[in-house]
Amino acid sequence: MIRLLDFIFALIGLTCFFPVFIILVIIGFFDSGSPVFRQERVGKNKKTFTLFKFRTMTVNTASVASHLASSSAITPFGNFLRKTKLDELPQLWNVLMGEMSLVGPRPNLLNQEELIQARDSLGVYDVLPGITGLAQVNNIDMSTPSLLAETDAKMLASLTLNDYFKYIIMTLTGSGSGDAVKPK
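The sequence shown begins at 278 in the numbering used here and counts up by one.
This is the structure:
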């Protein structure tokens with residue numbers, strides 16, 4: 278049921294937001310020269326996939342978790358994208374392709390070994406990663422790997438269709454601040 282909802286909502290989102298995508302790509306091109314960001318992430322069953330987002334940091338920023346990146350790397354347009362969460366829109370493609378769900382644990386980087394271990398021990402990789410979830414709406418990011426893994430496992434153990442919609446609505450209405458970038 279969830280996969281069907283993911284597919285329908287991703288298809289509707291990609292179709293309805295297509296004009297917004299075009300505008301964001303054009304502005305992003307002028308902002309950074311490379312508006313779409315691609316990065317390998319850990320997905321279901323620890324299989325890697327390419328995650329798509331709108332670029333919010335300069336092109337030469339190191340591939341590290343957001344909390345380890347310098348806030349000076351965020352472009353002016355990237356700051357807007359992060360605040361409005363529009364940087365996440367391209368992940369609807371990942372949802373449509375079956376690599377992600379709308380709701381699930383955020384996919385981590387391949388080099389986040391502590392988080393990978395914690396999530397693996399709790400069975401978090403048994404499901405598709407998501408765009409949002411319990412951790413995101415509660416401002417728990419990848420800077421606290423154990424807490425994040427525990428929160429993800431808690432969400433997965435009790436996730437209902439009602440929760441699925443609740444987390445999506447909470448995200449769309451501004452709950453959670455996304456991945457924190459610490460000032461350097």
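Where is the CB? At the ideal position from N, CA and C, for every residue including glycine.
Since the structure is predicted, the reported quantities are computational estimates derived from the model, not experimental observations.
Under the three-state reduction of DSSP, which class applies to residue i: helix, strand or coil?
i           : result
residue 459 : Residue confidence is low: residue 459 scores 47 on pLDDT, short of 50, so the model does not pin down where it sits. Its coordinate-derived value is still stated next. Looking at residue 459 - three-state DSSP - the assignment turns out to be coil, as it is neither helix nor strand.
residue 333 : coil
residue 369 : helix
residue 328 : strand
residue 351 : strand
residue 417 : coil
residue 362 : coil
residue 297 : helix
Here's the rule I'm using: 16 or more other beta-carbon atoms within 10 Å means buried, otherwise exposed. How should residue i be labelled?
i           : result
residue 389 : buried
residue 377 : buried
residue 365 : buried
residue 337 : exposed
residue 361 : exposed
residue 280 : exposed
residue 442 : exposed
residue 329 : buried
residue 358 : buried
residue 310 : exposed
Hey, could you find the ends of the beta strand (DSSP E) residue i is sitting in?
i           : result
residue 423 : Taken as a continuous stretch (DSSP letters only), residue 423 belongs to no beta strand (DSSP E), being part of the alpha helix (DSSP H) at 422-435.
residue 317 : 313-319
residue 409 : 407-409
residue 380 : 378-380
Where do the ends of the alpha helix (DSSP H) carrying residue i lie?
i           : result
residue 398 : 390-398
residue 283 : 279-293
residue 383 : That residue, residue 383, is in no alpha helix (DSSP H); it is neither H nor E in DSSP.
residue 441 : 438-449
Which whole-angstrom value describes the C-beta separation of residue i and residue j, a residue pair presumed to lie in contact below a C-beta threshold of 8 angstroms?
i           : j           : result
residue 326 : residue 314 : In fact, because the Cβ distance is near 14 angstroms, the residues do not count as touching under 8 angstroms.
residue 319 : residue 371 : Going by Cβ atoms, the distance from residue 319 to residue 371 rounds to 13 angstroms, so no, they are not a contact pair.
Open item on the list: Would you call the region 411-424 in contact with the region 292-300, where contact means no fewer than 3 C-beta pairs closer than 8 angstroms?
Closed with: no
- [ ] Please confirm if the region 385-400 is in contact with the region 424-436, defined as three or more CB-CB distances below 8 angstroms between the two stretches.
- [x] yes
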